[in-house]
Every structure is written in C-alpha cells, then in structure tokens.
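Residue numbers (the working numbering): 53 to 513. Virtual Cβ for every residue (Gly too), placed ideally from N, Cα, C. To keep things clear, I will list the structure first and then write my remarks on it.
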Ligand code: 4AD
Ligand code: MG
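What follows is the structure, given as structure tokens:
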C-alpha cells in the first residue's frame, strides 16, 4: 500500500503536497456541515486532520465511522485555518479499510489504566499507550547505542537454565514431564533425569552468570533479554516477566560499576529528550506534572552514594515511625528506600556494601568480612532501578560462600572454573527495563509499560 507516514507528513510536508495516509480514527466531528476526522497511524503522537466538505461523495458514510475505524485517505494538504494544526488534508478519495464495532472498549477518552489492563489488546490505540510503546522502543535502541559506543559486546545469554543466579528460588520450572504422573525415583521424588534436559530446568531470573563466561574472555559484554521471577509480588513495581539489561565487565571494581551505571541512566534520559520529544511533552503535561524538569535535574546531578551501614543510621535518626523497624542486618523496605532517595538524598542514590547475609553468593566479600561490594541504585518514585556488584573472583572465597549459602559445588563447577583459569576482578549490574520506562514516562504501574504484563494470577493475551 503506497502511503506516507503521518509523522513525516506533519514534520516535513507542505501545503500543496499530494499525500496518501492510512490510520485509525481518533475522533470525528461535524461543524457547519464540514466533517473533521482525526487520523492517527501510531508513527507519532499527533493526528492528521482530514477535512471532509459537504460536497464529498460518500461523505455520510465516512462521518458515521467511529473512533477506531481504519481509513485510507488520498488528497492534497492545505494550510489549516483552524487552531491546533498547521496542515489539513483535503481528501480526493477515502477508503474505509475496517469499520469499528460500537462495542470497542476504547471509545471514550479518560478510561482508567486499570480498565485498560483488561483490554490490553486494544489499549495501544490510546494516546497514553501509544506514547509508552514508542518510548519503550526508543529506550531499547538507546541501550544498544550506549553499550556499543563504549565497546561492549552484546551477548545472548540463555533463557532456559539450570542455575539460580539470585539464589532466591523464585523460578518458573520448565518441564516436558507428564504433570499428572511424573516419573519418580526410589525415594518417591520426581526423577528429573527423565525430563527433557535430564535435570531440573527453569526460566532464567538473570543472565548474569552466563554473561560472566563471555566477559571473562571478551572483557566487556552486556545482555538485554527477558527474565522471569515467580515471586508472589503484586506491587506496582514487580512483574513475573520483565526485561533486564546486564553489563558485565572484566578488570573492574565496584567504583567502575557505579560509574558505568550512572552514565548509563543519564544516557537513557538524554536519549528520551532527544528522540521522544513529543511523547515526553505528553507525559510531562498529562501523566506526571513536572516530569521533564525532574529528569533534566537527574541528567545533570551527580548521583549520591551511601554505605548501607550509614543508611541504617540515617533511617534510625529520621524520627519516623517505620512499619518495619530499622536495624543493621535488615533488608531495606520500600518505605526506607523511598525516604533515602526522595527525602534524604533528593536524587538518585547508590546504597553500597550491604551485609553479605542479604545478598547472593557471587558478590565480592569486603575486608570487614561482614559486607559485600554491591550497589542498589534507588531513584525517586520507582525505588530500586539497578542492582549490581563486584563479583567474587577469589576461588577460595567463592567456594566458601557457596558452601555457606548451600550452592552445589558440582552444579556450579563451571562458574568456579572461571576463577580457576585466569580469574580477574570483574563487576556488573542489572537494570530493570520496565522500571526505567516507568521512570522516564511517569507511569506508576509496571503493568502499564509492558505490552502484555505477566503478574501473579494473570497471563492473558
Ligand atoms: O537486583 P536484581 O535481582 O539483580 C540481579 O538479578 C543481578 N543478577 C543483576 C546483575 O548484577 N547482573 O535485579 C536487577 C534489577 C532490579 O534492580 C530491578 O530494577 C529489576 O531488575 N527487577 C524487577 N523488575 C520488575 N519486576 C521484578 N519482579 C523485578 N525484579 C528485579
Ligand atoms: Mg536487587
């Protein structure tokens, strides 16, 4: 189908140009016997106004179409006498590609995000979700641009895995065994040796461990892929399926890791300023007032850094009645994280050096023998955006930690081998892609930045 994208028409065309556009109707109205049809093809936020004169053949049928119907319009652009647009399209022909049934769930403006989650197959037609998914694509491009520009090699780490990177056990199992009557061993337990892979297998919670394989030969790599967590979390920031960006680089310590993370977040924000101008204007006006100014400040600010131990005393001295009492050794809860970044630091804040009892086996043990060289980047509104660490590259320390945390030395022998055969200091982190998208769009629920969100009790579409 020969057509001009509405984005190009609005940005580049001029009065007198002949164009052909295709799209879905945003609105139809009639005034003094002239019909106005706003057509949007998703290439950009704004719609093109098609002005249907009284004399237009077939006019009545066209103006009976409703929001959501698809049209193919050929015509000539003219300077618009009306407000709100520079150009109108005067049609020479209008073809109705697909009528829209009146039962369409996205007829009215102002339907709630919650309602729209139930009709996720239709919500990208709305202004908000169109903007979210265009921004998501731009942000994804910016991820590759950032790492490629710094010489990082893209790595496709596996999605099916036999290792549990975060050690939390919140994994979705993958099996071809008959769930009704799985084979059992003499001990009555399920015999996974008869399963497809010959052992218990799951969807990955993180591409990190396998990315370390490649980082310890190509020096600088990153993964960007889907990850899965079977946590029973129904918070607005947790999804069972989400995308994570995980750089992993050799000859690096925690400070290098932090610097990379800060530059990365700033690059993503700057890319949104550069390439999502129109959609950002909408988010700023309609989703979170003042979003742009906040992001501008973040792009310029130096992120804060605080040790976990210091953060605990800040929280103790905050004079607050915490729901979760604060004491050294506890994991920070949302209320604590938000206080630290929103009220104490008033900017993105790295909390570093957590007690090792709170963290997975692979993190580098600090000299105090109590904490590990790790970082969580907390940002206002979203909370934890990044988790990362320097990795334990000393074989004896790693094996001791595996033992302490009950990790099988046999199953992870390949991981230990990376410390046997030319081990070097290395570090990395994981940034939750949807959380970053929430951060730059102002959207408050992770379910509203994923095409088809997967959360406990819901995997429709
Ligand atoms: O802090 P996490 O669990 O770290 C890791 O998985 C490391 N292996 C990463 C690494 O060092 N390579 O997860 C990293 C980030 C979190 O900071 C958060 O942004 C996001 O992933 N995340 C989630 N996003 C949405 N839904 C969930 N259930 C998430 N769990 C983690
Ligand atoms: Mg974390």
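Reduced DSSP secondary structure (H/G/I, E/B, other) of residue 503: coil
#### Entry: Beta-carbon contacts of residue 223 that lie in its chain and below 7 Å, excluding the five residues immediately before and after
216, 254, 255, 257 and 282
Residue 481 - partner residues in DSSP beta bridges:
440
Pull up the distance between the alpha-carbon of residue 279 and that of residue 297, whole angstroms please. 10 Å
- prompt: In three-state terms, what does DSSP make of residue 385?
  reply: coil
inquiry  = What residue range does the beta strand (DSSP E) around residue 404 cover?
reply    = 401 to 404
Cα-Cα separation between residue 2 and residue 358, rounded to whole angstroms
Here the chain covers residues 53 to 513 and nothing more, so residue 2 does not appear.
Query - Residues near residue 273 by beta carbon distance below 8 Å, same chain, minus five either side - result: 204, 205, 206, 207, 263, 266, 267, 299, 300 and 301
*Taking only the alpha-carbon atoms, compute the straight-line gap between residue 482 and residue 260 and give it to the nearest angstrom.*
8 Å
TODO: Assess, as a yes-or-no matter, whether the region 471 to 489 is touched by the region 427 to 447 under the definition of 3 or more beta carbon pairs within less than 8 Å.
DONE: yes
Does the pairing of the region 412 to 421 with the region 448 to 456 give three or more beta-carbon distances under 8 Å? yes
Original post:
DSSP on residue 476, reduced to helix/strand/coil?
Top reply: coil
Taking 8 Å as the threshold (C-beta atoms), are residue 320 and residue 191 in contact? yes
Subject >> Sub-8 Å separation of residue 149 and residue 123 beta-carbons >> reply: yes
Contact check, residue 316 vs residue 295, beta carbons under 8 Å
no
(message) Distance check for residue 393 and residue 374, CA to CA, integer angstroms please.
(response) 16 Å
**Prompt:** Can you tell me whether residue 428 is buried or exposed, with buried defined as 16 or more other CB within 10 angstroms of its CB?
**Reply:** buried
With 16 other Cβ atoms within 10 Å as the buried cut-off, status of residue 309: buried
By the three-class DSSP mapping on this structure, what secondary structure does residue 124 have?
strand
Discussion item. Whole angstroms are fine: how far does the CA of residue 142 sit from the CA of residue 114?
Written reply: 14 Å
ask   = At what residues does the alpha helix (DSSP H) containing residue 118 begin and finish?
value = Where residue 118 is concerned, there is no enclosing alpha helix (DSSP H), given that its DSSP letter is neither H nor E.
- For ligand 2, is there a heavy atom less than 7 Å away from the beta-carbon of residue 436? yes
| query | How about residue 90 and residue 79: are their beta carbons less than 8 Å apart? | reply | yes
### Message
Below 7 Å, is the gap between the Cβ of residue 500 and the nearest heavy atom of ligand 4?
### Response
Among the ligands modelled here, namely ligand 1 and ligand 2, ligand 4 does not occur.
(request) Buried or exposed for residue 420, please, with buried defined as at least 16 other CB atoms from any protein chain shown within 10 angstroms of its CB. (result) exposed
Q. Regarding residue 480 and ligand 2, is the C-beta to nearest heavy atom distance less than 7 Å?
A. no
Can the beta-carbon of residue 72 be found less than 8 Å from the beta-carbon of residue 126? yes
Roughly how many whole angstroms lie between the Cα atoms of residue 176 and residue 324?
19 Å
Alpha carbon to alpha carbon, what distance is there between residue 333 and residue 193? 20 Å
**OP:** Write down the C-beta distance between residue 103 and residue 69 rounded to the nearest angstrom, noting that I regard them as a contact closer than 8 Å.
**Re:** About 15 Å separates the two Cβ atoms, so there is no contact after all.
Residue 322 to residue 351 span [Cα, whole Å]: 7 Å
task: With hydrogens ignored, establish whether the beta-carbon of residue 298 is closer than 7 Å to any heavy atom of ligand 1.
output: yes
Hey, quick one: how far does the alpha helix (DSSP H) through residue 307 stretch, first residue to last? 306 to 327
Quiz item: Using a threshold of 7 Å, is the CB atom of residue 217 nearer than that to any non-hydrogen atom of ligand 1?
Solution: yes
(Q) Measuring straight from C-alpha to C-alpha, what distance separates residue 269 and residue 200? (A) 17 Å
Contacts around residue 62, its chain only, beta-carbon distance under 7 Å, and the 5 residues preceding and following it disregarded | 96, 98 and 100
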